[in-house]
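These protein sequence lines are chains A and B, in that order. The working numbering puts the first residue of the first sequence at 1, with every later residue one more than the last. The working numbering puts the first residue of the second sequence at 531, with every later residue one more than the last. Worksheet: one structure, shown below.
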Amino acid sequence: MQFTSYSFIAFLAILFAAYFLSPKRWQWVTLLVGSYVFYAFAGLDCLVFILFTTLSSYVISRLMESALKRENDYVAANRDAMSKEERKAYRARAKKKRFHILLWGLVLNFGILAVLKYTGFAVYNINSVVSLFGGKGFSIPSLLLPMGISFYTFQTMGYLIDVYRAKVTPERNIAKLALFVSFFPQLVQGPISRFGDLGAQLTAPHKFNGKTFTFGLQRILWGYFKKLVIADRVLTAMTTMLDDPAGYDGAYVLLLIIVYSIQIYADFTGGIDITIGIAEAMGIKLTENFDHPFSSKSTKEYWRRWHITMGSWFRDYIFMPISVTRPMMKLNKAMAGKFGRVAASKTVAYIASGVTWFVTGLWHGAAWNFIVWGMLNCLVIIVSEALEPAYKKFHDRFPKLTASAVYGKFMSVRTFLLMGVIRSLDCYGDVGLTFRLWGSMLTFKGFGAIVTGGIFDLGLTAADWLIVLCGIAVVYFVSRASARASVRERLYDRPIMSAALCGLMFIAIIMLGAYGFGYDASGFIYGDRF
Amino acid sequence: MEKLIRILTELHPDVDFATAQDLIDDGVLDSLDIVSLVSQIDSEFDVTIPAEEIVPENFNSAKALFDLITRLDEE
C-alpha cells in the first residue's frame with residue numbers, strides 16, 4: 001500500500017477515526033494493529049522478519065536490563081568495601097558482559113539485513129573475481145527484501161545500543177516495543193527515531209486536538225504537493241536521460257544533476273512531510289529529517305541538514321564509538337608524541353570518518369556506486385577540513401567579500417552542485433560510466449541543443465516545465481518563510497486564508513499532480529531502495 | 531577546572547571557555563575537537579569518556595565537561 005494510493009488515503013481515514021474513537025488507554029493498540037495491517041499489505045512473509053527483530057530485541061534488552069541491575073546492586077552493596085580502582089575494574093568487566101549480550105542482538109539483526117540485502121552483491125563480486133580465472137561463478141540469488149528493513153533495523157538497533165548504554169529504560173511490554181519497531185508512517189523511508197524521543201509518545205493517550213490535527217493534515221497535503229506536482233512530474237525527464245546516458249552526455253549531465261537534485265528533494269522531503277504529518281495529526285511529534293539542506297554553504301553543513309536522523313545515527317553509533325576505541329586512543333597518543341596533537345586527532349577522525357562513510361554508502365544500496373558515493377562524500381569533507389586554515393586565511397584577507405550575501409549564495413550554489421554531482425552516482429548506477437559522463441560535462445556538448453528546445457524533447461512539454469518551476473518557486477518561498485517562523489502557526493489565526501491556501505494546494509495536487517501513462521506516482525526513491 | 535580550560539584553550543585560543551555555554555550547538559567544537567579532547571582528558575585526568583557520554587549536554591560548556599569528568603571519576 002503506497003502513500004500515493006487511494007487505498008492508503010482510505011486506510012488513513014479509517015485509522016484516524018479508529019484512533020480517536022478508541023478508549024484512551026487502548027489507542028496505542030489501535031496504532032499497533034494499524035501498523036501491522038499496513039505492513040501486511042507489503043506481504044505476509046515480511047511480517048516474519050519484523051516480528052523476529054521485535055522479539056529478539058525484546059529478549060536482548062531485558063537481558064541487558066537484568067545484567068545492569070545486578071551490576072548496580074553489587075556496587076551499591078559493596079561500595080564501602082571496594083576501592084575506586086576495584087569498583088572501576090568491576091564496572092568494566094560488567095560492561096563487557098553486557099556488551100556481549102548486545103553483540104548477540106546486533107549480529108542477529110544486522111546479520112539478517114546483511115544476508116537479505118547484500119548476498120546478491122557479495123555473489124556478484126565473487127563472480128567477478130572467479131571470472132578473472134576463467135570460472136563460471138554462481139547464480140545470483142533473488143532474496144526477499146522486506147519493506148523498510150534498513151530503517152526499522154537501524155532504529156531498533158539504536159534502541160538496543162541505548163539500552164546497553166543505560167540511556168533508556170527498556171520497554172517491558174513487548175507489544176509496546178512492537179509498535180516502536182513497526183510504527184507505520186516511518187516504515188517507508190524513516191525518519192530513524194530514537195526510543196527516548198518516540199517510545200513514550202506512541203503509547204501515551206492522545207486527546208483529539210483540532211489544531212494539531214489540522215496542522216498534521218496540512219503537512220500531509222504539503223508532502224503530496226512536493227511529491228506529485230514536482231518529483232513525479234520531472235521523473236519522465238530523468239527516465240529519458242537515464243535510458244540513454246551515452247546519448248545524453250555533456251551539458252545534459254549537468255541538467256540531469258540539477259533535475260535529480262530537485263526530484264530527490266521533492267520526493268524525499270515530501271515523503272517525510274507525509275510521515276511527520278500523519279504522526280502530528282495523532283499528536284505524535286517525530287524528529288525533523290531536513291533543515292533547508294540546499295542553503296548549506298559546505299558539505300559538512302549539508303550533512304547536518306539532509307537526512308538528519310540518519311546522519312546522527314551514524315555519528316552516535318558508528319563514528320564516535322570508533323573514534324574512542326582503545327586502539328584509536330592508543331594511535332592518537334602515539335601519533336601525538338611524534339606529529340603533534342592536531343595531526344593525531346585528525347588521523348583518528350579521518351579513519352573513523354572513512355569507516356562511517358563506507359557503511360553509510362553500503363546502507364544506501366548494495367552496489368559499488370553507493371560505496372563510491374559514500375567515499376567521495378568522505379573525501380570532500382576531509383579535503384575541506386584539511387583546507388580549513390587556507391579558508392581562514394582567505395576569510396581574514398577578504399573579510400568584506402566573504403561576509404557578503406553574494407559570497408554566501410556562491411557557497412550555497414557550489415555546495416548544491418558538488419553534492420549533486422556526487423549524488424548522480426545514484427542515477428547512473430555504474431561507477432565507470434558516471435566518471436566518463438562527469439568528464440563529458442567539461443565539453444558542454446549539447447548545451448546549444450538544450451537551450452534551443454532540447455529540454456522539451458525529454459518527455460516534458462513547456463507546460464510541464466512551467467508547472468515544475470512554479471512548484472519549485474512555491475516550495476522556495478514557503479521554505480524561506482518557514483525559516484523565520486512556522487507558516488502554519490501564522491496562518492492559524494487567519495482561518496479563511498488558511499482554508500483558501502489549503503484548498504488551492506488540494507486543487508493544484510488534483511489538477512497538476514503527475515498521474516496517468518508515463519508517470520509513476522507509486523514509489524518513493526528512498527522507500528523503494530530500502 | 532584550570533587544567534581543562536587550558537586544554538580547551540589550546541584547541542581554540544580565541545574562545546573564552548570560562549563563559550561559553552553552547553560550544554556544540556554554536557559549532558565551536560566539532561567532531562575533530564571532540565576526538566582530540568577525549569584523548570587528552572584520558573591522558574591528563576586518567577578518565578575514559580565512553581561514546582555514550584559524547585552528547586551535546588556534556589560538551590556544551592567547560593563546566594558541563596568538568597562535571598562529566600568528575601562523575602566518571604567517581605563512578
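Yeah, the Cβ is synthetic: ideal placement off N, Cα and C, and Gly gets one too. A quick note: this is a predicted structure, and the numbers were derived from the prediction, not measured.
Annotation: the continuous alpha helix (DSSP H) that includes A/Q201 extends over 195–203. Neighbours of A/N377 across chain B, judged by C-beta separation under 9 Å, do not exist; the nearest C-beta is about 15 Å away.
Here A/G137 is near A/N127, since their CB atoms are less than 8 Å apart. Contact check between the segment 219–234 of chain A and the segment 273–283 of chain A: three or more CB pairs, one atom from each, fall below 8 Å, which counts as touching. Closest in C-alpha terms to A/K211, from the list A/D291, A/Y492, A/A499, comes A/Y492.
The CB of B/A581 comes closer than 7 Å to the CB of M320, P321, V324 in chain A, given here in chain order. Spanning the alpha carbons of B/T578 and B/L595 requires a straight line of approximately 13 Å. With contacts defined as CB atoms closer than 8 Å, A/A237 and A/L460 qualify as a contacting pair. Counting along the chain, A/T461 sits inside no alpha helix (DSSP H), nor does DSSP assign it H or E at all. Counting only residues of its own chain and dropping the five nearest sequence neighbours on each side, A/K300 has a CB closer than 7 Å to the CB of I381, S384. Assigned with DSSP and collapsed to three states, A/W306 falls in coil, not helix or strand. For A/R93, the nearest beta carbon of chain B is not closer than 8 Å to its own beta carbon. The beta carbons of B/L541 and B/D563 sit closer together than 8 Å. Judged by beta-carbon spacing, A/I230 lies beyond the 8 Å limit of A/V487, meaning their Cβ atoms are not closer than that value. Contact annotation: in the segment 343–354 of chain A, residues whose CB is within less than 7 Å of a CB in chain B are S345, K346, V348, A349. Between A/I60 and A/F410, the alpha-carbon positions lie close to 50 Å from each other. The residues V181, in chain order, have a CB closer than 6 Å to that of A/Y152 in the same chain once the five nearest residues on each side in sequence are set aside. Of all residues in the segment 156–177 of chain A, only R165, K167 come within less than 7 Å of chain B when Cβ atoms are compared, listed by chain position.
Closer than 7 Å at the C-beta level to chain B, one finds no residue of the segment 101–128 of chain A. Taking C-beta atoms as the reference points, A/L254 and A/M241 fail to come closer than 8 Å.
DSSP places A/M335 within a helical segment (H, G or I) once states are collapsed to three. The beta carbon of A/N369 does not come within 8 Å of any beta carbon belonging to chain B, so the residue lies off that interface. Within chain A, the residues whose beta carbon sits less than 8 Å from that of B/L562 are S345, K346, A349, E385, listed in sequence order. Chain A places a beta carbon closer than 8 Å to that of B/D572, counting this residue as a contact. The closest CA to that of A/I161, considering only A/L51, A/I318, A/R70, is found on A/I318. For the segment 576–605 of chain B, residues whose beta-carbon sits nearer than 9 Å to a beta-carbon of chain A comprise T578, I579, P580, A581, E582, E583, I584, V585, D603, E604, E605. Beta-carbon to beta-carbon, A/V475 and A/K95 are separated by about 48 Å, too far to satisfy the 8 Å threshold. Under the three-state reduction of DSSP output, A/P327 falls in the helix class. Taking 8 Å as the CB threshold, B/V565 lines the interface with chain A. The C-beta separation of B/Q551 from B/N590 comes to about 6 Å, placing the pair in contact by the 8 Å criterion.
Using a CB distance cut-off of 8 Å, A/K97 does not count as an interface residue toward chain B.
Proximity of A/M64 to chain B, defined by a Cβ-Cβ separation below 8 Å, is not satisfied. A direct Cα-Cα distance of roughly 26 Å separates A/F195 from A/F8. With a beta-carbon spacing of about 7 Å, A/K176 and A/W28 fall inside the 8 Å limit used to define contacts. Proximity of B/V558 to chain A, defined by a Cβ-Cβ separation below 8 Å, is not satisfied.
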